[in-house]
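Read the structure below first, then the notes.
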Amino acid sequence: MNEESVEHHFFNHNNGKISYYVSQHSSQPLFNFIFLAGFGGEEAYFDFKSLAHGLSPSGNLFFIDPLGRGESDETSHSRDIQTILAELHALITNLSLTNIIFVAHSVGGIYAKEYSNTYQNVIGLILFEPITIESDNLFENDQNYINATKHLDTLSPVECEALLMDSQWTVADKKKIRSIKEQLIKRYHKGNSTFYHEGQKLTTNLNFVSQTKLNKKTNSLIICQPFRKDEYQRSIYFNTQSMIETLGNTHYLHRTSTEDSLQSILSFLNTISSNSFVS
């Protein structure tokens, strides 16, 4: 994926303009990858830049930032999951995408899972530590998590930031990411931003999504830290078509274990491309 091949667009939805990046390589791709970031603050394009670079030969790439994130508009419309999915679906429909594979991190996982259960054009999910009902209290109260991540407490803020940094980020990228994140956090702490209201709706949205398991026809690859494997086998993201790969020791495995993640993903894609779901 060359910088020159990436285009930044806005989709005019009734609820506000949705920012998205596109890198297209084929008029008839085998896969259309849609990237959804977690709650970290980076735009999806920057959050997945290295991983996307490795996936670009496999299909076209679409990086979507829901309203209130990245450079997408603020909105007064509710952040319940049905509204967010309707906004995503309007953009995806406008792009006429089929053979969709969502690549999502953390909170992005609930949107990817529920979208795949609601609409028919999704053939796979690649999920990096998606949130679960169990993980609601995991980060503070689970001893396995505390043990697995305590090495981060030994790092200075600068060292920790360097560890979680995407290797493809340029100086200009870092400057833009910092600016977007600062604006997002500033709006969040005012308590009246779209991002704030999305956070307030998170438990409700998670409970709604957790009422159903992943569609049996949807293939999923879950990439997680080793101590979370059992959690994901019990989760809404797991079905008979699922694979779980364990690696690394951070919540940002798509950035800290990119090459290992890519190997797992390419194997997963080979499995999907050999079955009848690809049109």
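For the sequence shown, the residue numbers in UniProt numbering are 1 to 279.
By construction, the Cβ of each residue, glycine as well, lies at the ideal position given by its N, Cα and C atoms.
Just so you know, these numbers come straight off a predicted model, no measurement behind them.
The shortest C-alpha to C-alpha distance from PHE62 to any of ALA37, SER78, GLU74, ILE81 is the one to ALA37. By the 16-neighbour rule on beta-carbons within 10 angstroms, ASN94 is exposed. Two segments are said to touch when three or more pairs of C-beta atoms, one from each, lie closer than 8 Å; by this definition the segment 101-113 touches the segment 205-225. Here ASN32 is not near ASN12, since their CB atoms are 8 Å or more apart.
Counted as a single uninterrupted DSSP element, the stretch harbouring SER220 is not any alpha helix (DSSP H) but the beta strand (DSSP E) occupying residues 219-224. Using a Cβ distance threshold of 8 Å, ILE265 and LEU55 count as a contacting pair.
Under DSSP, the beta-bridge partners assigned to ASP65 are SER19. Counting only runs that start and end inside the segment 24-54, the alpha helix (DSSP H) elements of at least 4 residues fall at 44-47. Per DSSP, HIS89 is one residue of the alpha helix (DSSP H) stretching across 81-94. Excluding the 5 residues flanking it on each side, VAL6 has same chain C-beta neighbours closer than 6 Å at TYR21, SER23, in chain order. For SER264, the enclosing alpha helix (DSSP H) has its first and last residue at 258-273. Its Cα nearest to that of LEU214, the residue SER242 stands out among LYS201, SER193, ILE223, SER242. In the three-state reduction of the DSSP assignment, LEU164 falls in the coil class. In the DSSP assignment, SER242 falls within the unbroken beta strand (DSSP E) covering 242-246. Membership of LEU125 in the beta strand (DSSP E) is indicated by the continuous run 122-128.
LEU85 has its alpha-carbon roughly 11 Å from the corresponding atom of ASN117.
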